[in-house]
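Student:
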Amino acid sequence: MRRKSENRSQVIAVRVEPAIEQRLRLLAEVTGRSQSFFLKQLIEKGIDAMEDAWLPQEVVAQVRSGAL
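Counting in my numbering, the sequence shown runs from 1 upward without gaps.
Now the structure itself:
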C-alpha cells in the first residue's frame, strides 16, 4: 500500500558555500549523525522564526493551528 505523498518526507536541494558544507560534514562525522539529520533539525527549529519575521501574524496563527 502506498502512502499519500503528503505523509512522506520530501527532498529539497539547496546550495551552500563550501565552508558551510565542511562544517556540516564535520558535525555529522564527529557525532555519527547524518547531514540530513542536522539539516532537518535546523529547518524545524528555524521555521518558526522565519514565519514570525516574514508572514502576517494572522497567517502565522492559521499555520500553527493547522488551518493552512
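Where is the CB? At the ideal position from N, CA and C, for every residue including glycine.
If you draw a straight line from the alpha carbon of Leu42 to that of Leu27, how long is it in whole angstroms?
Tutor: Cα to Cα, the separation comes out at about 13 Å.
Student: Alpha carbon to alpha carbon, what distance is there between Val14 and Arg64?
Tutor: Distance between the alpha carbons of Arg64 and Val14: 25 Å.
Student: Pull up the distance between the alpha-carbon of Ile20 and that of Phe37, whole angstroms please.
Tutor: Going from the Cα of Ile20 to the Cα of Phe37 covers about 15 Å.
Student: Output the distance between the C-alpha atoms of Val11 and Lys40, rounded to the nearest integer angstrom.
Tutor: Taking the straight line joining both Cα atoms gives about 11 Å.
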